[in-house]
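Enquirer:
Residue numbers (the numbering used here), protein chains in the order written: chain P, 1 to 228; chain F, 1001 to 1122.
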């Protein structure tokens, strides 16, 4: 009796711990049904709000987001052009952007959806033999037709900046340390920022220029969104 | 089955993120991000000329590989001409953007009108 009770308790504990460790998976279609209902074709990227301590984060984000979004099958308005127009219209400030009726973006640009982004964290960490970039962002894709949130992402992406394993024992380690130092000194984070954006978009359903448009409802992704 | 699709899509993302495997599957973006970033950091004419070349290379490479020119590239090039007061060139590229992507129609029409008005001022 005692033993079976023990086994029962242990298996219960084990199950519990597995549950806690396993990443929570979600399906695109179940998580973001409005994307399939409204099927936005075009996305206007608004200047991100930067709440991180890195002054450059905004530029890194905004120069590397168009490319992944286009590969996701959406028409992406040219950020350099639209931001210039927003500046001329006097709505560049984040608060003004947030208070502008979404229908205005539809009227002026013809955008089906608008992407709002807040950068919470943009941290570089240097360890002895490695460097990592930790990016934490909140994104919301809002419909200009219905004002509804079609897709969102709140999560953290960690990118390894030290690159692949150079191999070869101590000599290899030294080489790697030099490469890491050189990579950090050059401060060329554009490719890493792009990787972070690709990963952040992984839960977004594909747009109509992508072959898997309306066929990816059952595709799973790791849901990083905190429970509400 | 789902796992299989997961792997395939992960591979697809990797191949895209890992810099263009030849020939490009959907779009050729070349050095776009790096070039735009450089322009933001260094707003000189020299940098803008380099960026213009990057945009022109994207258009050429895309045409060579029978890819659609990525969204916004024609429009951005048109906008550079617009700012240089080369309004006929600007209109030509705004038109190409609208023809490639009907989604851009409203904005391109707006920019075309602006370029025409600017052309008449001269």
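We put the beta carbon where it would ideally sit given N, CA and C, even for glycine.
If we count Cβ pairs, one from each stretch, closer than 8 Å, do we get three or more for the region 1052 to 1066 of chain F versus the region 69 to 89 of chain P?
Expert: No, they do not touch.
Enquirer: Applying a beta-carbon distance threshold of less than 9 Å, which residues of chain F neighbour residue 205 of chain P?
Expert: Chain F residues near residue 205 of chain P: none, gap ~12 Å exceeds 9 Å.
Enquirer: Give me the chain P residues within the contact set of residue 1036 of chain F, using Cβ-Cβ distance strictly less than 7 Å, ordered along the chain.
Expert: What residue 1036 of chain F touches in chain P: 63 and 80.
Enquirer: Taking Cβ-Cβ distances below 7 Å as the criterion, which residues of the region 1061 to 1075 of chain F are in contact with chain P?
Expert: If the cut-off is 7 Å between Cβ atoms, the region 1061 to 1075 of chain F has 1070, 1071, 1072 and 1075 near chain P.
Enquirer: According to DSSP, simplified to helix, strand and coil, what is residue 114 of chain P?
Expert: Of the three classes helix, strand and coil, the one that applies to residue 114 of chain P here is strand, per DSSP.
Enquirer: Could you name the residues that DSSP lists as bridge partners for residue 88 of chain P?
Expert: According to DSSP, which records beta bridges pairwise, residue 88 of chain P is partnered with nothing at all.
Enquirer: Among all the DSSP beta bridges, which residues are the ones paired with residue 136 of chain P?
Expert: BP columns for residue 136 of chain P point to P/121 and P/156.
Enquirer: Inspect the CB distances between the region 46 to 64 of chain P and the region 190 to 210 of chain P and report whether three or more fall short of 8 Å.
Expert: Touching, yes.
Enquirer: Could you check if residue 28 of chain P is buried or exposed, using at least 16 other CB atoms within 10 Å of its CB as the buried criterion?
Expert: Answer is buried; the Cβ neighbour count reaches 16.
Enquirer: Is residue 19 of chain P close to chain F, meaning its C-beta is less than 7 Å from at least one C-beta of that chain?
Expert: With a pLDDT of 49 at residue 19 of chain P, under the threshold of 50, the modelled position of that residue is not reliable, and the figure given next carries that caveat. For residue 19 of chain P, the answer is no, since every Cβ of chain F falls outside 7 Å of its Cβ.
Enquirer: Which word fits residue 90 of chain P, buried or exposed, when buried means at least 16 other C-beta atoms lie within 10 angstroms of its C-beta?
Expert: The residue is exposed, with fewer than 16 neighbouring Cβ atoms inside 10 Å.
Enquirer: Could you work out which residues of chain P lie near residue 1105 of chain F, taking near to mean beta carbons separated by less than 8 Å?
Expert: Under the 8 Å cutoff, chain P gives 110.
Enquirer: Can you name, in chain order, every residue of its own chain whose Cβ lies under 7 Å from the Cβ of residue 1031 of chain F, other than the five neighbours on each side?
Expert: Contacts found: 1054.
Enquirer: Throw me the rounded Cβ distance for the residue 50 of chain P and residue 119 of chain P pair, which I believe falls under 8 Å.
Expert: At roughly 5 Å, the Cβ-Cβ gap stays under 8 Å, so residue 50 of chain P and residue 119 of chain P are in contact.
Enquirer: Kindly give me the distance between the Cβ atoms of residue 1027 of chain F and residue 71 of chain P, rounded to whole angstroms, as I take these residues to be in contact under 8 Å.
Expert: Their Cβ separation, rounded to whole angstroms, is 7 Å, which keeps residue 1027 of chain F and residue 71 of chain P in contact under 8 Å.
Enquirer: Going by DSSP, what residues sit across from residue 202 of chain P in a beta bridge?
Expert: BP columns for residue 202 of chain P are empty, so no partner.
Enquirer: Distance check for residue 188 of chain P and residue 1036 of chain F, CA to CA, integer angstroms please.
Expert: Going by the C-alpha atoms only, they are around 13 Å apart.
Enquirer: Is the distance from the Cβ of residue 113 of chain P to the Cβ of residue 65 of chain P below 7 Å?
Expert: Against a cut-off of 7 Å, the Cβ pair of residue 65 of chain P and residue 113 of chain P comes out as no contact.
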